[in-house]
Amino acid sequence: MDEEQSFSHSEGEAGEFEARGLRSYFEYRDLGVADATNGAVVAHVIKAREGHNATGQWHVHDCSFQFYYVLKGWARFEYEGHGIRTVKPGDCVVQPAGIRHREIEHSEDFELIEIVSPANFGTRAEDETAETTEA
(Lines of atoms letter the chains of each structure in order from A and count residues from 1; the text may use other names and numbers.)
(Lines give C-alpha, C1' and ligand atoms only; values in the text may rest on other atoms or scores of the structure.)
Protein backbone atom coordinates (compact mmCIF):
# COMPACT_ATOMS: atom_id res chain seq x y z
CA MET A 1 0.00 0.00 0.00
CA ASP A 2 1.73 3.15 -1.23
CA GLU A 3 -0.87 5.63 0.03
CA GLU A 4 -0.08 7.66 3.12
CA GLN A 5 -1.98 6.49 6.18
CA SER A 6 -3.12 8.25 9.33
CA PHE A 7 -3.97 7.05 12.82
CA SER A 8 -7.62 6.19 13.43
CA HIS A 9 -9.51 5.04 16.52
CA SER A 10 -13.19 4.30 15.97
CA GLU A 11 -14.83 4.06 19.38
CA GLY A 12 -17.53 1.41 19.59
CA GLU A 13 -19.90 3.38 21.80
CA ALA A 14 -19.81 6.36 19.43
CA GLY A 15 -20.42 4.33 16.27
CA GLU A 16 -23.69 4.82 14.43
CA PHE A 17 -25.29 2.37 12.02
CA GLU A 18 -27.13 3.49 8.89
CA ALA A 19 -29.10 1.68 6.18
CA ARG A 20 -27.71 2.36 2.70
CA GLY A 21 -26.79 0.82 -0.63
CA LEU A 22 -28.19 -2.15 -2.54
CA ARG A 23 -28.80 -4.17 0.61
CA SER A 24 -31.41 -2.17 2.54
CA TYR A 25 -31.87 -5.13 4.88
CA PHE A 26 -28.46 -4.39 6.45
CA GLU A 27 -27.13 -1.46 8.47
CA TYR A 28 -23.52 -0.34 8.20
CA ARG A 29 -21.14 1.25 10.71
CA ASP A 30 -18.06 2.84 9.17
CA LEU A 31 -14.86 2.08 11.12
CA GLY A 32 -12.82 5.04 9.85
CA VAL A 33 -10.42 2.95 7.77
CA ALA A 34 -11.25 4.65 4.46
CA ASP A 35 -10.22 8.04 5.83
CA ALA A 36 -7.13 6.60 7.53
CA THR A 37 -5.97 4.92 4.28
CA ASN A 38 -6.91 7.75 1.92
CA GLY A 39 -9.50 5.53 0.25
CA ALA A 40 -7.32 2.47 -0.26
CA VAL A 41 -9.44 0.27 2.04
CA VAL A 42 -12.84 0.46 3.73
CA ALA A 43 -13.90 -1.49 6.82
CA HIS A 44 -17.30 -1.57 8.40
CA VAL A 45 -19.48 -3.61 10.70
CA ILE A 46 -22.63 -4.82 8.98
CA LYS A 47 -25.65 -6.07 10.91
CA ALA A 48 -29.14 -7.27 10.08
CA ARG A 49 -31.70 -4.49 10.04
CA GLU A 50 -34.65 -5.29 12.27
CA GLY A 51 -37.78 -6.26 10.34
CA HIS A 52 -36.03 -6.48 6.95
CA ASN A 53 -35.34 -9.68 5.02
CA ALA A 54 -32.87 -10.47 2.26
CA THR A 55 -34.04 -9.83 -1.30
CA GLY A 56 -31.94 -12.51 -2.97
CA GLN A 57 -30.74 -10.03 -5.61
CA TRP A 58 -27.72 -11.28 -7.57
CA HIS A 59 -24.96 -8.66 -7.61
CA VAL A 60 -21.23 -8.12 -8.08
CA HIS A 61 -18.80 -5.72 -6.46
CA ASP A 62 -16.24 -3.82 -8.54
CA CYS A 63 -13.31 -4.16 -6.17
CA SER A 64 -9.88 -5.74 -5.99
CA PHE A 65 -10.36 -7.41 -2.57
CA GLN A 66 -13.32 -8.29 -0.33
CA PHE A 67 -13.23 -10.16 2.96
CA TYR A 68 -15.73 -10.69 5.76
CA TYR A 69 -15.66 -12.29 9.19
CA VAL A 70 -18.90 -13.32 10.92
CA LEU A 71 -19.34 -12.02 14.48
CA LYS A 72 -22.90 -13.13 15.36
CA GLY A 73 -25.81 -15.09 13.96
CA TRP A 74 -25.86 -16.84 10.60
CA ALA A 75 -26.63 -16.19 6.94
CA ARG A 76 -27.02 -18.16 3.72
CA PHE A 77 -25.24 -16.78 0.66
CA GLU A 78 -25.07 -18.21 -2.84
CA TYR A 79 -21.89 -17.77 -4.88
CA GLU A 80 -21.83 -18.49 -8.60
CA GLY A 81 -19.73 -21.61 -9.14
CA HIS A 82 -19.52 -22.34 -5.40
CA GLY A 83 -23.13 -22.98 -4.41
CA ILE A 84 -25.03 -22.05 -1.28
CA ARG A 85 -22.98 -21.48 1.84
CA THR A 86 -24.19 -21.02 5.40
CA VAL A 87 -21.87 -18.77 7.40
CA LYS A 88 -21.77 -18.57 11.19
CA PRO A 89 -19.65 -16.93 13.93
CA GLY A 90 -15.94 -17.38 13.32
CA ASP A 91 -16.34 -18.03 9.58
CA CYS A 92 -14.17 -16.01 7.21
CA VAL A 93 -14.95 -15.53 3.51
CA VAL A 94 -12.81 -14.00 0.76
CA GLN A 95 -14.97 -13.11 -2.24
CA PRO A 96 -12.85 -12.84 -5.39
CA ALA A 97 -13.26 -9.66 -7.42
CA GLY A 98 -16.37 -9.76 -9.59
CA ILE A 99 -17.89 -12.97 -8.20
CA ARG A 100 -21.67 -13.04 -8.62
CA HIS A 101 -23.43 -13.67 -5.33
CA ARG A 102 -26.60 -13.08 -3.37
CA GLU A 103 -27.81 -13.28 0.18
CA ILE A 104 -30.72 -15.68 0.63
CA GLU A 105 -31.58 -15.31 4.32
CA HIS A 106 -30.09 -14.35 7.67
CA SER A 107 -30.79 -14.50 11.39
CA GLU A 108 -32.10 -11.41 13.16
CA ASP A 109 -28.80 -11.05 15.04
CA PHE A 110 -26.50 -11.51 12.01
CA GLU A 111 -23.41 -9.30 12.22
CA LEU A 112 -20.06 -9.25 10.42
CA ILE A 113 -16.96 -7.18 9.76
CA GLU A 114 -16.22 -6.51 6.09
CA ILE A 115 -13.01 -5.15 4.55
CA VAL A 116 -12.93 -4.05 0.90
CA SER A 117 -10.38 -2.42 -1.39
CA PRO A 118 -10.65 0.16 -2.78
CA ALA A 119 -12.90 2.02 -0.34
CA ASN A 120 -14.98 3.57 -3.11
CA PHE A 121 -16.06 0.37 -4.86
CA GLY A 122 -19.13 -0.08 -7.02
CA THR A 123 -21.94 -2.62 -6.70
CA ARG A 124 -23.97 -3.73 -9.71
CA ALA A 125 -27.26 -5.62 -9.52
CA GLU A 126 -27.43 -8.64 -11.84
CA ASP A 127 -30.71 -9.95 -13.25
CA GLU A 128 -29.65 -13.33 -14.59
CA THR A 129 -29.91 -16.42 -12.42
CA ALA A 130 -27.04 -18.77 -11.78
CA GLU A 131 -27.14 -22.53 -11.42
CA THR A 132 -27.84 -23.34 -7.76
CA THR A 133 -25.83 -26.02 -5.99
CA GLU A 134 -25.47 -26.87 -2.32
CA ALA A 135 -21.90 -26.73 -1.04
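The numbering of the sequence shown is the numbering used here, which starts it at 1493 and goes up by one.
We treat Cβ as the ideally placed atom computed from N, Cα and C, and that holds for glycine.
Predicted model only: the values in this text are computed from it and were never measured.
> For the putative contact between LEU1563 and GLU1603, defined by C-beta atoms under 8 angstroms, what is the C-beta separation to the nearest angstrom?
Replying inline: Their Cβ separation, rounded to whole angstroms, is 5 angstroms, which keeps LEU1563 and GLU1603 in contact under 8 angstroms.
> Should the segment 1537–1552 be regarded as contacting the segment 1580–1596, the criterion being three or more beta carbon pairs within less than 8 angstroms?
Replying inline: When C-beta atoms of the segment 1537–1552 are compared with those of the segment 1580–1596, three or more pairs fall below 8 angstroms, so the two segments count as touching.
>> By the DSSP assignment, the alpha helix (DSSP H) with ASP1527 in it spans what residues?
In response: Per DSSP, ASP1527 belongs to the alpha helix (DSSP H) from 1525–1528.
> Going by Cα to Cα distance, which pick from GLY1548, TRP1566, HIS1501, PHE1569 is closest to ALA1617?
Replying inline: Ranked by Cα distance from ALA1617, the first of GLY1548, TRP1566, HIS1501, PHE1569 is GLY1548.
> Around the C-beta of THR1578, are 16 or more other C-beta atoms found within 10 angstroms, so that it is buried, or is it exposed?
Replying inline: Per the 10 Å Cβ criterion, exposed.
>> Can you list, in chain order, the residues of its chain with a C-beta nearer than 6 angstroms to that of GLN1587? Leave out the 5 residues immediately preceding and following it.
In response: GLN1558, listed in sequence order.
> Considering LYS1580, what are the terminal residues of the beta strand (DSSP E) in which it resides?
Replying inline: Taken as a continuous stretch (DSSP letters only), LYS1580 belongs to no beta strand (DSSP E), as it is neither H nor E.
>> Which residue wins for smallest C-alpha separation from TYR1571, given the options LYS1580, GLU1606, VAL1585?
In response: Comparing alpha carbon positions, the residue from LYS1580, GLU1606, VAL1585 closest to TYR1571 is VAL1585.
>> Less than 8 angstroms between the C-beta atoms of ASP1601 and ALA1511, yes or no?
In response: At least 8 angstroms separates the beta-carbon of ASP1601 from that of ALA1511.
> Which parts of the segment 1509–1573 are runs of the beta strand (DSSP E), unbroken and 3 residues or longer, counting only runs that do not cross its ends?
Replying inline: Here the runs fully enclosed are 1518–1522, 1534–1540, 1550–1554, 1557–1564, 1567–1571.
> For ALA1611, is the classification buried or exposed, using 16 other Cβ atoms within 10 angstroms of its Cβ as the cut-off for buried?
Replying inline: Counting of Cβ neighbours within 10 angstroms places ALA1611 among the buried residues, the total reaching 16 or more.
> With respect to the beta strand (DSSP E) encompassing GLY1614, which residues constitute its N-terminal and C-terminal limits?
Replying inline: The continuous beta strand (DSSP E) containing GLY1614 extends over residues 1614–1618.
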